[in-house]
Amino acid sequence: MAYRLRPDKPFTAEFRSVAESQLLKAIRLMEDQPDGPHEAVHDARKRFKRVRSLYRLIQPDAKEFRRRENARIRDMARTLAGVRDATALVETVDYLASLADSAEELAALAFASKTLTERRDRIAAEEHDLPAKMEAAVATCHEAIGAIEELELSDDPHKTAKRLAKAWRKQRLRAHGALAACAKHGDAEAYHELRKCGQIYWMHISLLGEIWPSAMLAKQRQAKDLVDLLGHEHDLSVLTGLVNESPELFGNGDTLALMLGAIIARQQALRHEALGKAEDVFADSAETESSLIAILWEKAADTPRRERRAVKVHKGHETHPQETTLREPV
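End of the sequence shown sits at 330 in full-length UniProt numbering; the numbers just go up one at a time, nothing left out.
Laid out in structure tokens, this is it:
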């Protein structure tokens with residue numbers, strides 16, 4: 001099933017189907033490992049993020065479920081982080097190398113890439129318990145599916161619309177707070193929070209895309225561009241942390257200085273560009289956008305009923321334009 005909630009279907013059944021579909025995909029990835037165990041873990045963790053974002057949408061009416069199940073999946077995902085995080089650092093240095101300004105900077109980054117690749121390989125060789133961790137994660141996914149089956153929510157379109165609007169408003173307020181913190185302080189934690197808000201926003205737009213497909217697709221693309229920028233920024237912050245903790249990994253003083261210079265220059269450029277995009281992505285107020293989400297959901301949920309009524313009118317040879325004309329929401 002696609003990562004999308006259909007408003008013309010019972011909400012609880014849709015919620016269960018989407019959540020279970022993502023968890024089952026994660027299970028298959030970890031069991032089949034088509035591209036090896038580490039890539040399977042990486043792809044499975046993406047599914048876990050999608051499930052956790054989905055759970056945020058029902059928090060207003062299922063606080064305990066969301067708290068418990070979010071913690072279950074979050075804690076399980078953390079046990080699988082090791083080698084993938086080390087691989088991300090190699091990819092970050094290679095990304096910097098593709099933007100190098102000089103031969104000296106390129107050489108310094110090549111040295112760092114070699115060092116971090118060796119570090120990743122050591123971590124992978126020492127991670128003897130990965131198969132057991134993946135087996136435990138599969139069991140946890142099955143437990144999460146069992147919990148989903150027991151969840152009960154109101155399927156009434158009006159109540160569902162209110163639920164979604166409350167969750168949407170809370171997340172938008174969080175995003176506005178993160179954006180303000182980035183503009184005021186500009187530290188790594190503020191940008192990391194903004195990135196998480198952007199990821200959640202992108203996933204929520206995907207989930208509710210059918211309430212206004214053309215507009216939501218445009219917003220999804222806009223949010224994805226922001227998330228990609230902030231993803232690079234976050235990776236550079238993580239790399240900076242490792243450099244500060246273990247500077248001996250990165251060669252002599254000149255090599256280290258060249259690498260830090262490349263990190264700082266690129267990070268500043270990414271932050272400047274990301275702030276401009278984030279202001280566009282989160283331009284509307286939390287109240288305005290959450291109210292619109294409620295209106296659009298309820299309208300989309302009501303569309304099949306009105307279409308059926310229009311068919312009956314047509315068969316009865318009556319004409320009621322106000323009932324038969326369905327306009328795209330504005």
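Ideal Cβ placement from N, Cα and C applies to all residues, glycine included.
If you follow the alpha helix (DSSP H) that residue i is part of, which residue opens it and which one closes it?
i	result
Trp-202	188 to 207
Glu-248	It is not in any alpha helix (DSSP H) - Glu-248 carries neither H nor E in the DSSP assignment.
residue 335	The question about residue 335 has no answer here: the residues shown for the chain are numbered 1 through 330.
Ser-113	103 to 126
Arg-61	The question names Arg, but residue 61 is Asp in the sequence shown. Neither: Asp-61 is in no alpha helix (DSSP H) and is coded neither H nor E.
Arg-84	82 to 97
Decide if residue i is buried, meaning its Cβ has at least 16 other Cβ atoms within 10 Å, or exposed.
i	result
Leu-217	exposed
Gln-268	exposed
Ser-285	exposed
Pro-131	exposed
Glu-14	buried
His-158	exposed
Arg-308	Annotation note: pLDDT 48 at Arg-308 (below 50); position unreliable, coordinate value reported separately. It counts as exposed.
Leu-5	buried
Gly-198	buried
Gly-186	exposed
Ala-144	buried
Ala-125	exposed
Thr-288	exposed
Pro-7	buried
His-232	buried
Ala-108	buried
Ser-102	exposed
Arg-67	exposed
Asp-32	exposed
Going by C-alpha distance, which of the options is nearest residue i?
i	options	result
Leu-292	Lys-162, Val-93 and Lys-46	Lys-162
Asp-121	Leu-151, Ala-86 and Phe-15	Ala-86
Lys-41	Glu-20, Phe-15, Leu-80 and Glu-69	Sequence inspection shows Val at residue 41; the Lys mentioned does not correspond to that position. Minimum Cα distance to Val-41 is reached at Leu-80.
His-142	Pro-7, Ser-290 and Glu-20	Glu-20
Ala-2	Phe-11, Val-18 and Leu-249	Val-18
Ala-139	Glu-279, Ile-27, Ala-257 and Ala-71	Ile-27
Ala-71	Glu-127, Arg-56 and Arg-84	Arg-56
Leu-54	Pro-247, Ala-278 and Ile-148	Ile-148
Does any C-beta atom of chain C lie closer than 7 Å to the C-beta of residue i?
i	result
Thr-288	Of the chains in the structure shown, none is chain C; there is only one protein chain.
Note down, one range per segment and in chain order, each beta strand (DSSP E) of at least 3 residues found wholly within the stretch 8 to 40.
Look at the stretch 8 to 40 and you find no whole run of beta strand (DSSP E) that is 3 residues long or longer.
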